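First the structure, in the form of structure tokens, and then the observations on it.
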Amino acid sequence: KSVPITHSRIIPKIDYEFSITKLLFGFDIDKPYTIITNQIALVSAAEKCRPAFCKTQIEQSQSSQATLTSENENAGETTEQFEAITSSISVADINIRNQTSYAIDVQKLIDEKPSFCIDNKQPQVLVFHTHTSEAYAPDEKNNYSPTDPGRTEDEKFNVVRVGDIITEKLNKAGIKTLHDKTLHDYPSYSGSYKKSLDTVQRNLKEHPSIKVVLDIHRDAVITKDGTSLEVSATINDKKTAQVMIVCGSDGNDLEHPNWRENLKFAILLQAKMNTLYPGLARPLLLVNERYNMHTSTGALLLEIGSSGNKLNEALRAGEYCADSIAKVLLER
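When we follow this note's numbering, the leftmost residue of the sequence shown carries the number 99, and every step to the right adds one.
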């Protein structure tokens, strides 16, 4: 059985840092002993444990996220704003960190199963990237000149590569999958979700057969001193980036009536990853925002690795994640 591990890697400091390690990893930065008692090992014993910060947002909010309820408004919005956890849920192979005030009956959602089924004759899955330029830690094999810390528009080095491998694996499994590589976060990060919403809606209009919509991201876990941390597991004797499923809701009064359908899919996917590739999945994160997941009953946001991970680790995670997705869909 694989064991999740995390290492640190120095990259240029990013000014926007948000201390939400308790949300993502379950320890309280003001109570160092909780790092040791938490079930996830953040830093190997050989390394010094340091306060970690998660920076999953680098856009500056120009207006409330609620403005996204009006899809025709040219509104700015924040990126993934992960708030404090209200509850943690563990049922068998399912681990959920819940930001919302909703009580989640995991077994009921498992029993009900998602409402959609796939038809391999037409496109079924859309892969896209709200933050298309998110990239991984450079190394000798994959070295690039960032346009901003941890970002590049070069598709050979950013999350588009991960989207490519997910798309390739799903198509090889017989699930017709489209990959939209539209750049949404350049030259400005602000408004990325509004831009990607337009992309998703255009694809759904052109291909109404699409049932699964996957927004592929790269997370960022950064310490106070600018150190970028990996989120990794050893799978098949190779270091692999971990995957965090993010599922939206209507918790902030945004229109999202079918968010529980997304959650059913998310739960099945996490369970499948935990069965096939133990250590691959981080806890599923249920948030108050919707992040365009209202567009489909099979919509999810996937954080593949962190800015401290190398590209090859993220590609390996993408392959394993795609295999898990394919098996979930083909079992429907």
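Cβ atoms here follow ideal geometry from the backbone N, Cα and C, with glycine treated the same way. As the structure is a prediction and not an experimental result, all values here were calculated from the model.
Nearest-angstrom beta carbon gap, residue j and residue i [assumed within contact, 8 angstroms]
i: Val311; j: Thr275; result: Going by Cβ atoms, the distance from Val311 to Thr275 rounds to 11 angstroms, so no, they are not a contact pair.
i: Ile216; j: Ala369; result: About 18 angstroms; that fails the 8 angstroms criterion.
i: His227; j: Ile320; result: Their Cβ separation, rounded to whole angstroms, is 20 angstroms, which puts His227 and Ile320 out of contact at 8 angstroms.
i: Gln220; j: Ser307; result: 4 angstroms
i: Ile402; j: Arg316; result: 6 angstroms
i: Asp348; j: Arg388; result: 7 angstroms
i: Ala233; j: Asn256; result: 4 angstroms
i: Glu253; j: Lys279; result: 6 angstroms
i: Tyr418; j: Thr338; result: 7 angstroms
i: Leu295; j: Asn390; result: 5 angstroms
i: Glu353; j: His305; result: Not a contact, Cβ separation roughly 23 angstroms.
Per-residue burial, residue i [other beta carbons within 10 Å of its own, 16 or more giving buried]
i: Gly406; result: buried
i: Ile156; result: Reliability fails at Ile156, whose pLDDT of 28 lies under 50, so the model's placement of it is uncertain and no value is given.
i: Leu85; result: Outside the modelled stretch of the chain, which goes from 99 to 430, sits residue 85, for which no answer is possible.
i: Ala420; result: buried
i: Asp203; result: exposed
i: Thr230; result: buried
i: Leu374; result: exposed
i: Arg358; result: buried
i: Ala318; result: buried
i: Ala190; result: exposed
i: Leu207; result: buried
i: Lys408; result: buried
i: Pro212; result: buried
i: Ala201; result: exposed
i: Glu328; result: buried
i: Arg259; result: buried
i: Glu238; result: exposed
i: Gly396; result: buried
i: Lys129; result: Low per-residue confidence applies at Lys129: pLDDT is 44, beneath 50, and the placement is therefore not dependable, though the value from the model is reported in the following sentence. Counting Cβ neighbours within 10 Å, Lys129 comes out exposed, since fewer than 16 surround it.
i: Glu175; result: Below a pLDDT of 50, predicted positions are generally treated as unreliable, and Glu175, at 46, falls in that range; no measurement from the model is reported.
i: Glu411; result: buried
i: Gly416; result: buried
i: Asn241; result: exposed
i: Gly261; result: buried
i: Asn334; result: exposed
i: Lys362; result: buried
N- and C-terminal bounds of the alpha helix (DSSP H) containing residue i
i: Val258; result: Val257 to Lys270
i: Thr321; result: First-last for Thr321: Val319 to Thr321, but that is the beta strand (DSSP E), not the alpha helix (DSSP H).
i: Leu374; result: Trp357 to Leu374
i: Ile208; result: Val204 to Glu210
Endpoints, the beta strand (DSSP E) within which residue i is located
i: Arg195; result: Ile192 to Asn196
i: Leu295; result: Element bounds for Leu295: not the beta strand (DSSP E) but the alpha helix (DSSP H), Ser290 to Glu304.
i: His422; result: Reading off the sequence, residue 422 comes out as Ser, not His. Counting along the chain, Ser422 falls outside any beta strand (DSSP E), though it belongs to the alpha helix (DSSP H) covering Leu409 to Leu428.
i: Val189; result: Ser185 to Val189
i: Leu382; result: Leu382 to Leu384
i: Leu224; result: Val223 to Phe226
i: Leu378; result: Segment: none, Leu378 is in no beta strand (DSSP E) and carries neither H nor E.
i: Leu276; result: Thr275 to His277
Residues sharing a beta bridge with residue i, DSSP
i: Gly396; result: Val310
i: Asp246; result: Arg249
i: His315; result: Glu401
i: Ala235; result: Lys408
i: Cys345; result: Leu384
Residue-level contact to chain D via CB, residue i, 9 angstroms cutoff
i: Leu268; result: This model lacks chain D altogether; it includes just one protein chain.
Any 3 or more C-beta pairs closer than 8 angstroms across the stretch 193-211 and the stretch 242-257: no
contact_flag[the stretch 277-284, the stretch 363-383] where n(CB pairs < 8 angstroms) is 3 or more: no
Validate contact between the stretch 369-383 and the stretch 342-351 using beta carbons, cut 8 angstroms, 3 pairs: Touching, per the Cβ criterion.
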